[in-house]
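Enquirer: Sharing a structure here in structure tokens format.
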Amino acid sequence: MSTTMFDTAITQARDLLRWRSPLRTELWAARLTGELEASEQEDVPGRVAAFLRRLAKDGSPEARLTLAALAIVNGPAEPEDREERPYTMAGEGVAVSLPGWVARMGRVTCDGGWYGKGDPYGEQVLAALSFRYDNGKEPHVLVVGIDQPSGGLAVDAVVEEAKFLDELELRPTPPESVAARILDAFELTDRVLGAQVADTLPGVRPFAIARARSLLTRTHDASPGHADGGVPGRARDTASEITLHGLPDVPGAREAFGKLVEFVGDRPLWWSPARVSQFLTRWLPREAILSEEAITAMPEVVRAWSRQQGGQPEVLRRVDEEAPRLAALMADESLASLQKRLAQAGDARSGRD
């Protein structure tokens, strides 16, 4: 157990007891969690458990504050996973022996949720949640950056003052949906070995997950129909939710748009020049079976979609460059996937029957 790390934590906790700030203390505990877990992975397994045992043995107000804060940002624990949440187990019941402001940690009200592009092409989207403590103080915004080309990994996160939202062009979104997206993104990041994320992410991750999880847990507790003990279903953009305003009034446009929706899937905000090329020159010839009318309508549908996604000049130029090749590519049977060939063979047999 690192004496330096323990002594530093005690010193910082002593300052936090004077500041009496639930937000500062939670953010500090999140950073401490990241440091502890990084040191455990790089050095000796069991470091976290040893640190918690030393805090419990010390018993000072600073040690008890550390235990309570770690429990808040790494909990709550359910009976079936208590063994996987040592922070929560070590910090149970500690807060009652500390000043009253400590009990406000984690007790927040969500003021709103926002979601949208973090860059012109939507290669990174931002999920934001605004909170304040139950006494109305310390309003703050959690913003999580979610990388789209990598499949939806959480790659960065910050906690800022509420006015930070004024600098972002995000659309209001139900907070439960935003929280679900955040949890999805962190879950995916945890599953990807060696995921490339911002250096600061590990120090915010526990706080972000705790905020999102508490929001969904609260929604679950207040909503009927979740008797299985889980949280509401994770948020996804579905075909019924993706719309194109100003669908071209040409034959085959609706069929063409259906294939575009299938391609963009649950990441519709990501629309870059590279993705245009992937859709028109690789995905459609490989996967899509389209009528002649739909193939003819596709360029106009893609242009309309590109304008709806911001009308970035480079995106529109890429559509103009790639669209003339579409008919020839769709006619090239060597580009079709096995699944497409089997589907076409099945359609041919049905036609003969």
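Offset between the sequence shown (1-based) and our numbering: plus 1007. Cβ atoms here follow ideal geometry from the backbone N, Cα and C, with glycine treated the same way.
1. Measuring only the C-alpha atoms, how far is glycine 1123 from proline 1068?
2. Fully enclosed by the region 1268-1304, which alpha helix (DSSP H) runs are 4 residues long or longer?
3. Does the region 1255-1269 come close enough to the region 1214-1223 that 3 or more CB-CB pairs lie under 8 Å?
4. Looking only at DSSP bridge pairs, what is histidine 1147 linked to?
5. DSSP state of tyrosine 1122, grouped into three classes?
6. Are the region 1305-1318 and the region 1347-1355 touching, with three or more C-beta to C-beta distances below 8 Å?
7. Within a Cβ cutoff of 8 Å, which residues of the same chain sit near isoleucine 1249, ignoring the five residues on either side of it in sequence?
8. Measuring alpha carbon to alpha carbon, tell me which of Gln1155, Arg1139, Lys1144 ends up nearest aspartate 1126.
9. Under a three-way DSSP split, which group does alanine 1027 fall into?
10. When you compare each of Arg1139, Glu1300, Thr1196, Trp1278 to methionine 1112 by their alpha carbons, which one comes out closest?
11. Considering only the beta carbon of each residue, do phenylalanine 1193 and arginine 1178 sit closer than 8 Å?
12. Judging by CA-CA distance, which residue of Ser1157, Met1012, Glu1174, Leu1034 is the nearest neighbour of valine 1199?
13. How is the alpha helix (DSSP H) around aspartate 1191 delimited, first residue to last?
14. Express the C-alpha separation of aspartate 1065 and tryptophan 1121 in angstroms, rounding to a whole number.
15. Please list, in chain order, all residues of the same chain as glutamine 1387 whose beta carbon is under 6 Å from its beta carbon, the five residues on each side excluded.
16. By the DSSP assignment, the alpha helix (DSSP H) with aspartate 1065 in it spans what residues?
17. What does DSSP give as the partner residue(s) for leucine 1208 in the beta ladder?
18. Less than 8 Å separating the beta-carbons of threonine 1032 and leucine 1077?
19. Along the chain, where does the beta strand (DSSP E) that runs through alanine 1161 open and close?
20. Quick check on DSSP: helix, strand or coil for glutamine 1048?
21. Pop quiz: glutamate 1167 and valine 1148 are said to be a contact at Cβ under 8 Å. What is the actual Cβ separation, rounded to whole angstroms?
22. From threonine 1028 to glycine 1129, what distance separates their C-alpha atoms?
23. Using the Cβ count rule (16 or more neighbours within 10 Å means buried), how would you classify asparagine 1142?
24. Excluding the five sequence neighbours on either side, which residues of its own chain have a C-beta within less than 7 Å of the C-beta of glycine 1210, listed in chain order?
25. Since isoleucine 1153 sits in a beta bridge, which residues does DSSP pair it with?
26. Please return the same chain residues whose Cβ sits closer than 8 Å to the Cβ of glutamate 1099, not counting the five positions on each side in sequence.
27. Rounded to whole angstroms, what is the Cα-Cα separation between phenylalanine 1013 and arginine 1060?
28. Measure the Cβ-Cβ separation of tryptophan 1344 and glutamate 1299 and say whether it is below 8 Å.
29. Taking the alpha-carbon positions, what's the isoleucine 1216 to glutamine 1285 distance?
30. Tell me whether valine 1103 is buried or exposed, calling it buried when 16 or more other Cβ atoms sit within 10 Å of its Cβ.
31. The alpha helix (DSSP H) spanning arginine 1325 covers which residue range?
32. Just to confirm my understanding: we take leucine 1254, look at its own chain, exclude 5 residues before and 5 after, and list those with CB closer than 8 Å. What are they?
33. Closer than 7 Å by C-beta to glycine 1317: which residues in its own chain qualify, once you throw out the five before and the five after it? Chain order, please.
34. Answer with yes or no whether the minimum CB distance from glutamine 1319 to chain D is below 8 Å.
35. Considering only C-alpha positions, which residue in the set Lys1347, Trp1035, Lys1144, Ala1070 is nearest to cysteine 1117?
36. Measuring alpha carbon to alpha carbon, tell me which of Ala1301, Ala1330, Ile1302 ends up nearest proline 1280.
Expert: Looking at the coordinates:
1. 43 Å
2. 1280-1284, 1291-1294
3. no
4. Phe1138
5. strand
6. no
7. Val1268, Val1271, Pro1275
8. Gln1155
9. Note on identity: in this sequence residue 1027 is arginine, with alanine being the wrong assignment. Arginine 1027: coil per DSSP, three-state reduction.
10. Arg1139
11. no
12. Ser1157
13. 1182-1198
14. 43 Å
15. The shown model of the chain, from 1008 to 1360, leaves out residue 1387, and the question about it has no answer.
16. 1054-1065
17. Per DSSP, none; premise fails for leucine 1208.
18. no
19. 1160-1167
20. helix
21. 5 Å
22. Residue identity differs from the one stated: residue 1028 is serine in this sequence, not threonine. So the alpha carbons of these two residues sit roughly 36 Å apart.
23. exposed
24. Ala1037, Arg1038, Gly1041
25. Val1132, Ala1161
26. Ala1078
27. 11 Å
28. Contrary to the premise, residue 1344 reads as serine rather than tryptophan in this sequence. No. Outside cutoff.
29. 33 Å
30. exposed
31. 1320-1329
32. Ala1260, Arg1261, Phe1264, Val1308, Ala1311
33. Pro1127
34. Going by chain labels, chain D is absent from the structure shown, which holds only one protein chain.
35. Lys1144
36. Ala1330
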